[in-house]
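Chemist: Take a look at this one; I'll ask things after.
See below:
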């Protein structure tokens with residue numbers, strides 16, 4: 119489905135940010151935007167957000 123989608127949007131809660139998993143959902147280059155409930159404000163969260171944005175991913179925080 120991702121290969122034919124006009125836009126790929128990943129939705130997850132902030133507790134998943136900065137965690138490592140044994141499974142890969144998709145490479146960063148396949149994701150256009152991320153929607154989350156919050157961005158962790160410590161150094162890890164800030165670094166993760168910056169890395170995502172540097173890779174052209176829009177990071178949207180639901181309020």
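Numbering (the numbering used here), first residue to last: 119 to 181. Ideal Cβ placement from N, Cα and C applies to all residues, glycine included.
Would a C-beta distance cut-off of 8 Å place residue 144 and residue 120 closer than the cut-off?
Modeler: If you number the chain shown from 1, residue 144 lands on position 26. If you number the chain shown from 1, residue 120 lands on position 2. Taking 8 Å as the Cβ cut-off, residue 144 and residue 120 qualify as a contacting pair.
Chemist: Quick one: grab the DSSP three-state call for residue 175.
Modeler: Translated into the one-based positions of the chain shown, residue 175 becomes position 57. Reduced to three states, the DSSP call for residue 175 is coil.
Chemist: Skipping 5 residues on each side, what residues in its chain have a beta carbon closer than 6 Å to that of residue 149?
Modeler: Residue 149 sits at position 31 when you count from the first residue of the chain shown. Same-chain partners within the cutoff: 126, 128 and 175.
Chemist: How many angstroms separate the CA atom of residue 124 from the CA atom of residue 133?
Modeler: To locate residue 124, count along the chain shown from 1; it is residue 6. To locate residue 133, count along the chain shown from 1; it is residue 15. Their Cα atoms are separated by approximately 28 Å.
Chemist: Measuring straight from C-alpha to C-alpha, what distance separates residue 131 and residue 179?
Modeler: Here residue 131 corresponds to residue number 13 of the chain shown, with the count starting at 1. Here residue 179 corresponds to residue number 61 of the chain shown, with the count starting at 1. So the two alpha carbons sit approximately 10 Å from each other.
Chemist: Might you give, ordered along the chain, the residues of its own chain that have their beta carbon closer than 7 Å to the beta carbon of residue 153, omitting 5 neighbours on each side?
Modeler: To locate residue 153, count along the chain shown from 1; it is residue 35. If we look at residue 153 and ignore the five residues flanking it on each side, its Cβ neighbours are 127, 129, 178 and 180.
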